[in-house]
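**Q** If you read the sequence shown in the numbering used here, its first letter stands for residue 7, the second for the next number, and so on.
All C-beta atoms in this analysis are idealised placements derived from N, C-alpha and C, irrespective of residue type, glycine included.
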Amino acid sequence: MQHAPADLGPIKPRTMDFDLEDMPRYWMAGLPVSTAIGNALHLIFPMGERFFVRAVRHYMGEIDDPELREQIRGFFGQEGRHAHEHERVFETLRQQGYDIDTFLRIYKKVAFDTIERISPPALRLSVTAALEHYTAIMAEGALAHQGTLEMVHPKMQRLLRWHAAEEIEHKAVAFDVLKSVRPSYALRMAGMALATVLLGAFWVAGATMLLRQEKGLGLREAARQLRATQQREPIVRRVFLRGLREYLRPSFHPWDNNNLELARRSFQQLAEEAA
Numbered sequence: 007m008q009h010a011p012a013d014l015g016p017i018k019p020r021t022m023d024f025d026l027e028d029m030p031r032y033w034m035a036g037l038p039v040s041t042a043i044g045n046a047l048h049l050i051f052p053m054g055e056r057f058f059v060r061a062v063r064h065y066m067g068e069i070d071d072p073e074l075r076e077q078i079r080g081f082f083g084q085e086g087r088h089a090h091e092h093e094r095v096f097e098t099l100r101q102q103g104y105d106i107d108t109f110l111r112i113y114k115k116v117a118f119d120t121i122e123r124i125s126p127p128a129l130r131l132s133v134t135a136a137l138e139h140y141t142a143i144m145a146e147g148a149l150a151h152q153g154t155l156e157m158v159h160p161k162m163q164r165l166l167r168w169h170a171a172e173e174i175e176h177k178a179v180a181f182d183v184l185k186s187v188r189p190s191y192a193l194r195m196a197g198m199a200l201a202t203v204l205l206g207a208f209w210v211a212g213a214t215m216l217l218r219q220e221k222g223l224g225l226r227e228a229a230r231q232l233r234a235t236q237q238r239e240p241i242v243r244r245v246f247l248r249g250l251r252e253y254l255r256p257s258f259h260p261w262d263n264n265n266l267e268l269a270r271r272s273f274q275q276l277a278e279e280a281a
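Here it is in structure tokens:
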């Protein structure tokens, strides 16, 4: 716990009121490819975040540190609300004519009914800590590179800014639980390997599924938009390669990168908009 910023304070879920009515079909830069990449995260986040809660809760009884126990409770509350808000996007996608339920059934069967069921609890916790590192990097990218959020429709922008800020706030909770109950570098690396494969595979699969339903979007135009998206937001380099490089360091801790001020500014902006 000595790694956390002294001014972190309590981790608490925030009640938000997001208006997702009349969300444009292409809410990211007005483009189907960029939007599909974002919508794929909407699809995989809710079940993933509930998995995070289950993985950490399994070890709650082994945590003696009262400060960490309190942070875990805040982590549960924040992740539960994130899952709920992202699931609200499901209905918007259905109303826009997308068939998302086939993908969701396959995702649940493979990732949770199969892989989660056969994986030992320690590996599930390790995967959670690694995925939390990836989501914290994504959150920092969204808040630090304002040009990306500026291309997002204002209604979706508020949801993403809120989620990103809370991801930064609780980014070390699962890692600290892992370090407390199973402090093995080999286990940490096994979790990172599995997390990287699963996140990459389901993210690509979800985006591909959505793009295949875009009538009139040819392969050439889709490839052009993908190149433009990668030039603007190089996900492989900024998220995956950076995440691996940092996590491989034996002494790594999520708060080595103290970006709490980014989250604080985002919360302040959301409060000002609400007022």
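#1: Within 10 angstroms of its Cβ, does glutamine 274 collect 16 or more other Cβ (buried), or is it exposed?
#2: Less than 7 Å between C-beta atoms, sequence neighbours within five positions excluded: which residues of the same chain meet that for glutamate 76?
#3: What's the gap between the Cα of glycine 264 and the Cα of threonine 108?
#4: What number of angstroms, rounded off, separates the C-alpha of glycine 83 from the C-alpha of valine 59?
#5: Could you give the C-beta distance for histidine 88 and phenylalanine 51, rounded to a whole number, given that I count them as a contact under 8 Å?
#6: Sort Asp71, Asp119 and Ile43 by Cα distance to lysine 185 and report the nearest one.
#7: Shortest alpha-carbon distance to serine 47 belongs to which of Tyr32, Arg188 and Phe208?
#8: Quick one: what's methionine 34 bridged to in DSSP?
#9: Quick check: what's the CA-CA separation for tryptophan 168 versus leucine 276?
#10: Would you mind giving the Cβ-Cβ distance between leucine 268 and leucine 165, rounded to the nearest angstrom? I have them listed as a contact below 8 Å.
#11: Would you report the Cα separation of methionine 7 and aspartate 182, rounded to the nearest angstrom?
#12: Hey, which unbroken runs of the beta strand (DSSP E) at 3 residues or more fall wholly within the segment 69 to 144?
#13: Which of the three DSSP states is assigned to glycine 212 in this structure?
#14: Between Glu97, Leu254, Ala180 and Ala35, which has its C-alpha nearest alanine 10's C-alpha?
#15: For glutamate 172, which residues from the same chain have a beta carbon less than 6 Å from its beta carbon, with the 5 sequence-adjacent residues on both sides left out?
#16: Between the Cα of histidine 159 and those of Leu37, His176 and Glu138, spot the shortest distance and give me the residue it belongs to.
**A** With the structure as the only source:
#1: By the neighbour-count criterion, in which a residue is buried when 16 or more other Cβ atoms sit within 10 angstroms of its Cβ, glutamine 274 is exposed.
#2: So the list reads Pro16, once near-sequence residues are dropped.
#3: In the sequence on display, residue 264 carries asparagine and not glycine. When rounded, the distance between both Cα atoms is 40 Å.
#4: Looking at the backbone, the Cα of glycine 83 and that of valine 59 are separated by about 9 Å.
#5: With a Cβ gap of about 7 Å, histidine 88 and phenylalanine 51 count as contacting.
#6: Of the listed residues, the one whose Cα sits closest to lysine 185 is Asp71.
#7: Note that residue 47 is leucine in the sequence shown here, rather than serine. It is Phe208 whose Cα lies nearest to the Cα of leucine 47.
#8: Note: methionine 34 sits in a beta bridge opposite Val158.
#9: Each residue's Cα considered, the two are about 7 Å apart.
#10: Cβ-Cβ separation between leucine 268 and leucine 165: approximately 17 Å, too far for a contact (criterion under 8 Å).
#11: The predicted position of methionine 7 is uncertain, since its pLDDT is 48 and thus under 50; a value taken from the coordinates is nonetheless stated next. One C-alpha to the other measures close to 7 Å.
#12: Within the segment 69 to 144, no complete beta strand (DSSP E) run reaches 3 residues.
#13: Looking at glycine 212 - three-state DSSP - the assignment turns out to be helix.
#14: Per the C-alpha coordinates, the member of Glu97, Leu254, Ala180 and Ala35 positioned closest to alanine 10 is Ala180.
#15: Gln84, listed in sequence order.
#16: It is Leu37 whose Cα lies nearest to the Cα of histidine 159.
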